[in-house]
Amino acid sequence: VIGEELIDAFEEVKGDLELTQDDKLYFLKDNDETIIPEGYIDLMEQIKHQDMSKRCCSLPCIYQGSNCAYF
617 VIGEELIDAF
627 EEVKGDLELT
637 QDDKLYFLKD
647 NDETIIPEGY
657 IDLMEQIKHQ
667 DMSKRCCSLP
677 CIYQGSNCAY
687 F
């Protein structure tokens with residue numbers, strides 16, 4: 617999962633990662649106006665029909681606007 621705020625930095629190193637066509641790159645937009653870059657999958661579009669009422673773990677939620685690092 618690559619967040620919008622890190623897409624430029626990720627693009628700089630993407631060629632060094634030995635990615636294959638089977639690897640999926642999910643993109644997390646900061647707002648609805650952002651266009652998903654070519655070659656990326658819109659994460660929110662993929663999960664929009666998932667049941668969000670059940671939590672898969674007891675860890676605290678990370679909300680949009682929270683500071684976090686994810687790879």
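Residue 617 is where the sequence shown starts when you use the numbering used here, and the numbers rise one by one after that. We treat Cβ as the ideally placed atom computed from N, Cα and C, and that holds for glycine.
Rounded to the nearest whole angstrom, the C-alpha separation of G655 and G631 is 13 Å. In the same chain as L644, and ignoring 5 residues on each side of it, the C-beta atoms closer than 6 Å to its own belong to V617, G619 and L659, in chain order.
Excluding its 5 nearest sequence neighbours in each direction, E621 has C-beta neighbours in its own chain below 7 Å: D646, listed in chain order.
DSSP places L659 inside the alpha helix (DSSP H), whose first and last residues are L659 to I663.
Take F626, set aside five residues on each side of it, and the residues of its chain with a beta-carbon closer than 6 Å to its own are I618, in chain order. Out of S669, L633, K640 and K664, the CA that lies nearest to the CA of P653 is found in K640.
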